[in-house]
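Number of protein chains: 2
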Amino acid sequence: MNIQFKKGVLEICVLSVLAYKDCYGYELVNEISKRIDISEGTIYPLLHRLKDEGYVTTYLQESAGGAPRKYYRLTDSGRKEEHERKEEWMRFAASVNALLERKNDAAE
Amino acid sequence: MNIQFKKGVLEICVLSVLAYKDCYGYELVNEISKRIDISEGTIYPLLHRLKDEGYVTTYLQESAGGAPRKYYRLTDSGRKEEHERKEEWMRFAASVNALLERKNDAAE
DNA sequence: GTAGGTATCTTGTGATACAAGATACCGTGT
DNA sequence: ACACGGTATCTTGTATCACAAGATACCTAC
Numbered sequence: 001m002n003i004q005f006k007k008g009v010l011e012i013c014v015l016s017v018l019a020y021k022d023c024y025g026y027e028l029v030n031e032i033s034k035r036i037d038i039s040e041g042t043i044y045p046l047l048h049r050l051k052d053e054g055y056v057t058t059y060l061q062e063s064a065g066g067a068p069r070k071y072y073r074l075t076d077s078g079r080k081e082e083h084e085r086k087e088e089w090m091r092f093a094a095s096v097n098a099l100l101e102r103k104n105d106a107a108e
Numbered sequence: 001m002n003i004q005f006k007k008g009v010l011e012i013c014v015l016s017v018l019a020y021k022d023c024y025g026y027e028l029v030n031e032i033s034k035r036i037d038i039s040e041g042t043i044y045p046l047l048h049r050l051k052d053e054g055y056v057t058t059y060l061q062e063s064a065g066g067a068p069r070k071y072y073r074l075t076d077s078g079r080k081e082e083h084e085r086k087e088e089w090m091r092f093a094a095s096v097n098a099l100l101e102r103k104n105d106a107a108e
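Protein chains in written order, with the numbering used here: chain A, 1 to 108; chain B, 1 to 108.
In structure tokens form, the structure reads like this:
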């Protein structure tokens, strides 16, 4: 999979999954990896960015056999951001598809 | 427009336009900008990469009033690459859309 | 106490888009 | 001759982000 494609997109994917349910980092990797490869070295810096920007809050919870889990929950601001970025992605993808399908606006 | 989204995608857009007709750099900027913002500082390094990789060849042609134009033409290898990357993009976009639309494979 | 699974986090590297500006060619007006 | 504006190409420095690899730590089972 082309690494470059993911730039900026993984952040939306994380926001989108979190809009569905609270998750901890490791869980997000597994959840998103069903569709798109993502590694741990990517998810943690990304989650820290989202927290710094106020889009998520965190809380710790014990786990059965293993280190405690840090859950991430969307804030209201994060929910709004998720909505906006999803729309932005949809518009972008539509533009690219239009270009790739040679709908070049009657280019001479 | 989110700059990050474009990473890797602009290269396909260029290949795709060139599959339709030969273009010079300045023309490609205008052509692609109808749908997606792209600047000159992006297109020229990108075109040099494509040439280094053997996906395009170039030829000079005079222009009516201005510097001579360097046209870019897809090679056979470039045509093949255009096809493959387009498919890769389509698959990727479909995966992202599936994730964003919460088709989370019955996640518990 | 050591091995293995779960989980978080950090560091260094590579790819690429962009702004800003340098360079150059040409026609027109003076 | 010379300056100007439009066309066109190219370079440099900066920022962002994903990743591999590894460090850290917690817990259970042996």
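Each residue gets a CB set at the ideal place from its N, CA and C atoms; glycine is no exception. Since we're looking at a predicted model, the values are computed, not measured.
Can you pull the chain A residues whose beta carbon is under 7 angstroms from the beta carbon of residue i, in chain order?
i, result
"B/ARG35", "SER95, ALA98 and LEU99"
"B/GLU88", "ASN2"
"B/ILE43", "Chain A residues near B/ILE43: none, gap ~14 angstroms exceeds 7 angstroms."
Is residue i helix, strand or coil when you go by DSSP?
i, result
"B/TYR24", "strand"
"B/THR116", "Past the edges of chain B, shown from 1 to 108, lies residue 116 of chain B, and the structure says nothing about it."
"A/ARG69", "strand"
"B/GLU53", "coil"
"A/ILE12", "helix"
"A/ALA64", "coil"
"A/ILE32", "helix"
"A/LEU18", "helix"
"B/LYS7", "coil"
"A/GLU108", "Note that A/GLU108 scores a pLDDT of 38, beneath 50, so its modelled location is shaky and nothing firm can be said."
From this set, the options, which residue's C-alpha is nearest residue i's C-alpha?
i, options, result
"B/LYS100", "A/GLY54, A/GLU82, A/GLU53 and A/SER63", "It should be noted that the sequence gives Leu, not Lys, for residue 100 of chain B. Selected option, being the one with the closest Cα: A/GLU82."
"B/ASN2", "A/ARG102, A/ALA64, A/GLU84 and A/LYS51", "A/GLU84"
"B/PRO68", "B/VAL96, B/THR58 and B/LYS21", "B/THR58"
"B/GLU27", "B/LYS70, B/LYS7 and B/GLN4", "B/LYS70"
"A/THR75", "A/TYR44, A/ASP52, A/ALA93 and A/LYS86", "A/ASP52"
"A/GLN61", "A/LEU15, A/PHE5, A/CYS23 and A/GLU11", "A/CYS23"
"B/ARG49", "B/TRP89, B/GLU11 and B/GLY66", "B/GLU11"
Residue i and residue j: beta carbons closer than 8 angstroms?
i, j, result
"A/ILE32", "A/VAL17", "yes"
"A/LEU46", "A/TYR72", "no"
"A/CYS13", "B/VAL9", "no"
"B/ILE43", "B/GLY25", "yes"
"A/LYS7", "B/LYS7", "yes"
"B/ARG79", "A/TYR20", "no"
"B/ALA98", "A/ARG35", "yes"
"B/GLU40", "B/VAL29", "yes"
"B/PHE92", "A/PHE5", "yes"
Got a sec, what are the start and stop residues for the beta strand (DSSP E) residue i sits in?
i, result
"B/THR57", "56 to 61"
Starting from residue i, follow the alpha helix (DSSP H) in both directions and report where the run begins and ends.
i, result
"A/MET1", "Careful: A/MET1 lies outside any alpha helix (DSSP H) and carries neither H nor E."
"B/ALA98", "76 to 100"
List, in chain order, every chain B residue whose beta-carbon is nearer than 8 angstroms to that of residue i.
i, result
"A/VAL9", "GLN4, PHE5 and VAL96"
At a CB-CB cut-off below 8 angstroms, which residues of chain A make contact with residue i?
i, result
"B/SER77", "By Cβ distance, chain A contributes nothing, its closest Cβ being about 18 angstroms from B/SER77, past 8 angstroms."
"B/SER16", "LEU99, LEU100 and ARG102"
"B/ILE32", "LEU99"
"B/ILE38", "In chain order: nothing, as chain A lies at least about 11 angstroms away."
Please indicate yes or no: does the CB of residue i lie closer than 7 angstroms to some heavy atom of the ligand GDP?
i, result
"B/LEU10", "The ligand GDP is absent from the structure shown, which contains no ligands of any kind."
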